[in-house]
Amino acid sequence: MTPDRRTVLASAAVAGLAATTTGLATPAAAEGRGDAQPRRETFGHLPDGTRVDRWTLARGGTRLAVLSYGGIVQRLETPDRHGRTANVSLGFATLEPYLTATTYFGALIGRYGNRIAGGRFTLDGTTHQLPLNDGPNSLHGGNAGFDKRVWEITPAGPAALTLHRVSPDGEMGYPGTLDVTVTYTLTDDGDFRIDYAATTDAPTVVNLTNHTYFNLAGEGTGSILDHRLEIAAARYTPVDATLIPTGELASVSGTPFDFRRGKPVGQDIRRGHPQLGHGKGFDHNLVLDKGVTRRPGHAATLHHPASGRTMTLATTEPGVQFYSGNFLDGALVGTTGNAYRQSDGLCLETQHYPDSPNQPHFPSTVLRPGQTYRSSTVHAFTTR
Ligand code: GLA
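In mature numbering (1 follows the signal peptide of the UniProt record, and there is no 0), the protein residues as written are -25 to -1, 1 to 359.
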């Protein structure tokens, strides 16, 4: 590509014209189940000219579009009980809003998902200072975390992608060169599986997650307060006013945080519980009963009664951040042109607990040379 053409495309991207986003094209031969080989197209260009690709996968009735920028899940399409598909993840139609939004739509989050108090932690006697991008704290790896980086993407099978990136020593204040490989797979059944792996050349902390906002009615159609949510957690980590865990593992019994039997997300969201005031709704880590597991174990079920769409979440992680989209305020216009307002999507971010580097009794997030960080999460899509 000549520099001139690149400049033209870059301006087109900024003007929101570069990418066609009317669904994911699928070769006619693969229609039916919608299966297809991973397909690459140009989604836009960064201001410095770097090309951003969009990869699409389809298998078992699920279709997924992933950006090389931020490893972002840009679309995730699943059928309802009548076989009608909808894009169940919040996002944008073009690259430009992804560059500036602070919502982390669909993004691959690192090096540390969630908050670290004061953006500071001490490891082996050395104190590390991270950028403060969330009041007094560091959130989701800092102001230029993994969600703001371009990933090298290669197809890894009929419906799988490998995302790779080497995060240099000291990036966003974190010690060690971190070599990260993330695989996004659509299984035969149309489940969306994410496998994370990372190694380091110096002691560091790692907590990777994905920040997809789900709305099983389809993005841009309204609130998720009618979704039924079950979370297999008898305890949660209460937070202070800046959303840092107090250190307590509190029982969910008798609180709005009790999702063990499943209930509509909106049922208790307006209860006058002080914890709900801190994050303007649910923005809390639930302590999964199963703890850290070698294989993904049951974490949560999300069900949308009207469409029948159901997502079952399994993970190797000990926690899940349930965020009810509290900070969406109508200012961002999503993929199909509708503005996102409060609770128009929800996140279930599988993770180690927030601020673990400063809370010695939480499961450890330390990674040392010679060890491999591994984490897996499976989103299974069914209807009922
Ligand atoms: C995470 C945090 C929330 C919020 C969102 C992005 O889920 O826990 O407080 O910052 O990201 O808006």
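Ideal Cβ positions, reconstructed from N, Cα and C, are used throughout, including at glycine. Owing to the predicted nature of the structure, the values given are computational and were not obtained by experimental measurement.
Just to confirm, are Thr217 and Pro335 a CB contact at a threshold of 8 angstroms?
No.
With C-beta atoms as the reference, is Glu194 less than 8 angstroms away from Gly66?
yes
Could you have a look at Ala5 and say whether DSSP puts it in helix, strand or coil?
With a pLDDT of 43 at Ala5, under the threshold of 50, the modelled position of that residue is not reliable, and the figure given next carries that caveat. Of the three classes helix, strand and coil, the one that applies to Ala5 here is helix, per DSSP.
In whole angstroms, give me the CA-to-CA distance for Leu191 and Ile199.
8 angstroms
Going by DSSP, what residue range makes up the beta strand (DSSP E) through Tyr211?
Segment 210 to 212, the beta strand (DSSP E) holding Tyr211.
Check: Gln250 C-beta below 7 angstroms from any heavy atom of ligand 1
no
Between the C-alpha atoms of Gly300 and Ala281, what's the straight-line distance to the nearest angstrom?
20 angstroms
Whole-number beta carbon distance between Leu224 and Val262, since they are thought to touch under 8 angstroms
6 angstroms
Do Thr75 and Glu52 come within 8 angstroms of each other at the CB atom, strictly closer than that value?
Not in contact: Glu52 and Thr75 (Cβ atoms no closer than 8 angstroms).
For the stretch 317 to 326 and the stretch 129 to 139, state whether three or more C-beta atom pairs, one from each stretch, are separated by less than 8 angstroms.
no
Is Gly45 near ligand 1, judged by its Cβ being under 7 angstroms from some heavy atom?
Every heavy atom of ligand 1 is 7 angstroms or more from the Cβ of Gly45, so no.
With H, G and I counted as helix, E and B as strand and the rest as coil, what does DSSP make of Lys123?
helix
If we ignore side chains and look at the alpha-carbon of each, how far apart do Arg29 and His20 end up?
11 angstroms
Going by Cα to Cα distance, which pick from Arg14, Tyr348, Gly256, Gly294 is closest to Asn89?
Gly294
So, for Ala207: in the same chain, excluding its five sequence neighbours on each side, which residues have a beta-carbon less than 8 angstroms away from its beta-carbon?
Arg235, Leu263, Asp264, Lys265, His273, Ala274, Ala275
Anyone know if the C-beta pair for Ile47 and Gly85 falls short of 8 angstroms?
The Cβ atoms of Ile47 and Gly85 do not sit closer than 8 angstroms to each other.
Put Arg343 into one of helix, strand or coil per three-state DSSP.
coil
Supposed contact pair Thr212 and Tyr348 - C-beta distance, whole angstroms, cut 8 angstroms:
In fact, because the Cβ distance is near 21 angstroms, the residues do not count as touching under 8 angstroms.
I want to check one thing, is the minimum distance from the CB of Phe69 to the heavy atoms of ligand 1 below 7 angstroms?
Residue 69 is actually Thr in this sequence, not Phe. No - ligand 1 has no heavy atom lying nearer than 7 angstroms to the Cβ of Thr69.
Taking 7 angstroms as the cut-off, is the CB of Phe302 close to at least one heavy atom of ligand 1?
yes
Confirm the yes/no value for this check: CB of Gln326, any heavy atom of ligand 1, distance under 7 angstroms.
no
Can you confirm whether the stretch 159 to 171 touches the stretch 344 to 359 when touching is taken to mean that 3 or more C-beta pairs between the two stretches lie within less than 8 angstroms?
yes
Neighbourhood of Thr78 by C-beta distance below 6 angstroms, restricted to the same chain and skipping five residues each side
none
Quick check: what's the CA-CA separation for Gly7 versus Met286?
The pLDDT assigned to Gly7 is 46, lower than 50, so where the model puts this residue is not dependable; a value taken from the coordinates is nonetheless given after this. Rounded to the nearest angstrom, the gap between the Cα atoms of Gly7 and Met286 is 21 angstroms.
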